[in-house]
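Here the protein sequences line up with chains A, B and C, keeping their order. Here my numbering runs 11 ahead of the position in the first sequence, where the first position is 1. Here my numbering runs 11 ahead of the position in the second sequence, where the first position is 1. Here my numbering runs 3 ahead of the position in the third sequence, where the first position is 1. Positions of the beta carbon are idealized from the N, C-alpha and C atoms, including for glycine. Below is one structure; the comments refer to it alone.
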Amino acid sequence: MNELARVVEALLFLSPEPVSLERLADAAETSEGEVLEALQRLREHYAEGFRGVVLREVAGGFSLATDPVAERAARRLLSKPRTPPLTQAQAECLGIVAYLQPASRPEIARIRGVSSESAVGTLLERGLIEESGRSRFGAVLYRTAELFQKLFGLEALDTLPDVARFDPTPEDERELRDRLLKAGEARAES
Amino acid sequence: MNELARVVEALLFLSPEPVSLERLADAAETSEGEVLEALQRLREHYAEGFRGVVLREVAGGFSLATDPVAERAARRLLSKPRTPPLTQAQAECLGIVAYLQPASRPEIARIRGVSSESAVGTLLERGLIEESGRSRFGAVLYRTAELFQKLFGLEALDTLPDVARFDPTPEDERELRDRLLKAGEARAES
Amino acid sequence: MSVAELDLDLEVFQGPFDLMLTLVLREEVDLLEVELADVVVAYVDHLERKGELDLEAATEFLVLIAALLELKSRLMLPGEEGDALDLEPGEAAEELLARMLEYRRYSGVAAFLRERLEAEQGFRYRSAPLPPHLRRVSVDLAEPSYDADQLAEAVGGLLRMPPKLDLGHLARPRVSLESRLEHMRSLLSSRGSFTFDEAVRGADRLTEAVTLFALLELHKAGEARWSQSEAFGPITVTMGENE
Numbered sequence: 012m013n014e015l016a017r018v019v020e021a022l023l024f025l026s027p028e029p030v031s032l033e034r035l036a037d038a039a040e041t042s043e044g045e046v047l048e049a050l051q052r053l054r055e056h057y058a059e060g061f062r063g064v065v066l067r068e069v070a071g072g073f074s075l076a077t078d079p080v081a082e083r084a085a086r087r088l089l090s091k092p093r094t095p096p097l098t099q100a101q102a103e104c105l106g107i108v109a110y111l112q113p114a115s116r117p118e119i120a121r122i123r124g125v126s127s128e129s130a131v132g133t134l135l136e137r138g139l140i141e142e143s144g145r146s147r148f149g150a151v152l153y154r155t156a157e158l159f160q161k162l163f164g165l166e167a168l169d170t171l172p173d174v175a176r177f178d179p180t181p182e183d184e185r186e187l188r189d190r191l192l193k194a195g196e197a198r199a200e201s
Numbered sequence: 012m013n014e015l016a017r018v019v020e021a022l023l024f025l026s027p028e029p030v031s032l033e034r035l036a037d038a039a040e041t042s043e044g045e046v047l048e049a050l051q052r053l054r055e056h057y058a059e060g061f062r063g064v065v066l067r068e069v070a071g072g073f074s075l076a077t078d079p080v081a082e083r084a085a086r087r088l089l090s091k092p093r094t095p096p097l098t099q100a101q102a103e104c105l106g107i108v109a110y111l112q113p114a115s116r117p118e119i120a121r122i123r124g125v126s127s128e129s130a131v132g133t134l135l136e137r138g139l140i141e142e143s144g145r146s147r148f149g150a151v152l153y154r155t156a157e158l159f160q161k162l163f164g165l166e167a168l169d170t171l172p173d174v175a176r177f178d179p180t181p182e183d184e185r186e187l188r189d190r191l192l193k194a195g196e197a198r199a200e201s
Numbered sequence: 004m005s006v007a008e009l010d011l012d013l014e015v016f017q018g019p020f021d022l023m024l025t026l027v028l029r030e031e032v033d034l035l036e037v038e039l040a041d042v043v044v045a046y047v048d049h050l051e052r053k054g055e056l057d058l059e060a061a062t063e064f065l066v067l068i069a070a071l072l073e074l075k076s077r078l079m080l081p082g083e084e085g086d087a088l089d090l091e092p093g094e095a096a097e098e099l100l101a102r103m104l105e106y107r108r109y110s111g112v113a114a115f116l117r118e119r120l121e122a123e124q125g126f127r128y129r130s131a132p133l134p135p136h137l138r139r140v141s142v143d144l145a146e147p148s149y150d151a152d153q154l155a156e157a158v159g160g161l162l163r164m165p166p167k168l169d170l171g172h173l174a175r176p177r178v179s180l181e182s183r184l185e186h187m188r189s190l191l192s193s194r195g196s197f198t199f200d201e202a203v204r205g206a207d208r209l210t211e212a213v214t215l216f217a218l219l220e221l222h223k224a225g226e227a228r229w230s231q232s233e234a235f236g237p238i239t240v241t242m243g244e245n246e
């Protein structure tokens, strides 16, 4: 490991947040190309499956994290509980914000069909989303925060899967349509 | 590196404090002898002078720490003030402090019509504002800190831009503080 | 209190507003059975008790109740021989379908996110405090990063005096659904049939809206029938089979 690789390793070890290539180069007073080379060396050291710590590319930067191999022991050692899982309501709100960002509360409510105050509040509190200005009508807009990408292991926002992947299948859609039409007919007959 | 060494590495990586042999063995659900062996393997990986992170044995146990080689770069990366975009609430609080200084917290709340604890807290934490004595009524007063001028590229406080450019009723000639308080009270009543 | 917590005590549903919406959307409560007028009344009562208008909450309520009213009134449209939805493209059903498909998309996204978070749990990041000598922010390293105009603009915005809030439209006497139902029932019993325009002659828009809603309720109860020969033509209301 050359000196730059050592420096980069130390920076990633210390920094509580993923660090971008640009910031690494700036801190080490060198070029991004040199840092990339150093990261390549580090990657060899931290190859997944061989070490307890792995080098990850998340949230537009680089970060060291523990390998899941140590999860059980880590839970025993640290009293800090795991990140609590998301409720369905929170996950829906987060999904809407993630794909439509910026998204307003009324927009979220429209899609979910329910007012989403408390779920949005929790997401804000947990630092997964943050405010991002106001819409033309004065509603607060939300976008995902950096923590979202980090916790969900996303390199960048555009690495989220294509949203069309989550659309109901044509069969589901047909079934839903049939049910709706039946409801309408039943009503018309009554 | 065997699995236990990987686990021990991960535990030392995560823990902010040195971890004793006993706690390591307990967390990894194995004997202290096994952990010692694992530590021996780790020591080979983290030989001083070759890595950015080194394995240290200190009074309380074992810990990973950065090598001094990264000192300068770490300071550049981590001691550099963070400058995420200001939220509207933060901009309002900082604006009030900058233009009226010193300004007290109750005053800020009256002008904005909402309690401004968290925005003021963030500004304090980021070193943009600082305490500046107490008002006649005992409320803490704030003024902008040295960092404020640097981050806003202001040579002196009197180079703050003229509010008149953004003033909805520039014909009003009362003092800025009076007008802000009046408008805040009117908003609170409406 | 937010709209979500608005407590409802209706014939088919007791509980908070947002739960009702969820159930309607998931088809566990039949929208046709929900007395939306009572929901509005409960909300207005709530506003009155509270004595203040939370604009964001009120907007949200209006958006939701408007969507529900629209859907419900479309669901209530009478079908000719039960095939109205086949003859027409079934606009209401299509819209509801579109909404449900959109909702399903994000419910799929939600499932993906929850799984992903679960899978990522094993990767833990270090969150140890910085060594003491690195904790202090160094003023020397600060570079101009903000525009002071943002502050001037924020302070300028705070100088704005609020417009005098016109509560005239809220203070206006409320039109009750009961009174409009009564009005139409008496028209029906005295004349046997009438046009909708006659029923709302000289009335303001709110009264018109409530009257239309009352008419939907009469139709639902089988007390009235209506016919309209062409779009935007006069609506003739006649006695229903239940009378």
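Going by alpha carbons, who is nearest to Gly132 of chain B out of B:Ser146, B:Val151 and B:Gly124?
-> B:Val151
CB-CB under 7 Å to Pro181 of chain B, same chain, minus the five flanking residues each way: which ones, in chain order?
-> Ala175
What three-state label does DSSP hand Gln112 of chain B in the structure shown?
-> coil
Regarding Ala224 of chain C and the ligand FMN, is the C-beta to nearest heavy atom distance less than 7 Å?
-> Only the bare structure without any ligand can be found here, which leaves the ligand FMN out of the picture.
May I ask you to list, following chain order, the residues of the region 70-83 of chain A that have a beta carbon less than 9 Å from some beta carbon of chain B?
-> Leu75, Ala76, Thr77, Asp78, Val80, Ala81, Glu82 and Arg83
Residue-chain proximity (Ser201 of chain A, chain B), Cβ-Cβ < 8 Å = With a pLDDT of 47 at Ser201 of chain A, under the threshold of 50, the predicted position of this residue should be treated as unreliable, and no value is reported.
Inter-residue spacing [alpha-carbon to alpha-carbon] between Gly44 of chain A and Leu35 of chain A = 11 Å
Buried or exposed: Gln160 of chain A, going by 16 or more other Cβ atoms within 10 Å of its Cβ?
-> buried
If you scan the region 133-179 of chain B from start to end, which runs of the beta strand (DSSP E) of 3 or more residues do you find wholly inside it?
-> 140-145 and 151-155
Alpha-carbon to alpha-carbon, Pro179 of chain A and Tyr109 of chain C = 10 Å
Chain-order list of residues whose beta-carbon lies under 6 Å from that of Asp78 of chain B (same chain, five-residue window excluded) | Gly63 and Val65
From Glu146 of chain C to Leu165 of chain B, what does the alpha carbon distance come to, in whole angstroms?
-> 11 Å
Mind checking whether Ala84 of chain B and Val18 of chain A have CB atoms under 8 Å apart?
-> yes
What are the boundary residues of the alpha helix (DSSP H) that Thr98 of chain B is part of?
-> Run containing Thr98 of chain B: none; DSSP gives neither H nor E here.
Helix, strand or coil at Met164 of chain C [DSSP, three-state] | coil
Among residues of its own chain, excluding the 5 on either side of Ile238 of chain C, which ones have a beta-carbon nearer than 7 Å to its beta-carbon?
-> Thr198, Phe199, Trp229 and Gln231
Mind checking which residues open and close the beta strand (DSSP E) that includes Phe197 of chain C?
-> Ser196 to Thr198
Rounded to whole angstroms, how far is the Cβ of Leu111 of chain A from the Cβ of Glu118 of chain A, which I believe are closer than 8 Å?
-> 7 Å
Given that a residue counts as buried once 16 or more other Cβ atoms are within 10 Å of its Cβ, and exposed if not, what is Lys53 of chain C?
-> exposed
Would you list the residues sitting across from Met242 of chain C in a DSSP beta bridge?
-> C:Ala227
Extent of the continuous beta strand (DSSP E) run through Gly72 of chain B = Gly72 to Thr77
Report, in whole angstroms, the separation of the C-beta atoms of Phe20 of chain C and Leu34 of chain C, which I expect to be a contact under 8 Å.
-> Actually they are not in contact, since the Cβ atoms of Phe20 of chain C and Leu34 of chain C sit about 14 Å apart, beyond 8 Å.
Flag Leu25 of chain A as yes if its beta-carbon sits less than 8 Å from any beta-carbon of chain C, otherwise no.
-> yes
In the structure shown, what three-state DSSP assignment does Glu43 of chain A receive?
-> helix
Grab the span of the beta strand (DSSP E) containing Pro19 of chain C for me, first residue to last.
-> Gln17 to Pro19
Could you tell me if Leu90 of chain C is buried or exposed, where buried requires 16 or more neighbouring beta carbons within 10 angstroms of its beta carbon?
-> Any reading at Leu90 of chain C must be qualified, since the residue scores a pLDDT of 32, below 50, and its modelled position is unreliable; the value itself is stated next. Burial call: exposed.
Nearest-angstrom Cα separation, counted from Ala167 of chain B out to Val46 of chain B = 59 Å
Thinking C-alpha only, which one of B:Leu89, B:Val80 and B:Leu50 is nearest Phe73 of chain B?
-> B:Leu50
Decide yes or no for the touch test of the region 185-205 of chain C against the region 155-162 of chain C: beta carbon pairs closer than 8 Å, at least 3 of them.
-> no
Since Arg22 of chain A is in the alpha helix (DSSP H), which residue starts that stretch and which ends it?
-> The residue asked about is misnamed: residue 22 of chain A is Leu in this sequence, not Arg. Start and end: Glu14 to Leu25.
Under 9 Å (Cβ pairs) to chain C, residues found in the region 32-64 of chain B = none
Does any C-beta atom of chain A lie closer than 8 Å to the C-beta of Leu100 of chain C?
-> yes
If Glu136 of chain B and Val142 of chain C are in contact, beta carbons under 8 Å, what's the gap, nearest whole angstrom?
-> That pair is no contact at about 15 Å.
Please report how far the alpha carbon of Thr98 of chain A lies from the alpha carbon of Glu118 of chain C, in whole angstroms.
-> 12 Å
May I ask you to report which of helix, strand or coil DSSP gives Leu9 of chain C?
-> coil
Residues of the region 121-139 of chain B with Cβ closer than 8 Å to any Cβ of chain C, in chain order = Ile122, Arg123, Arg137 and Gly138
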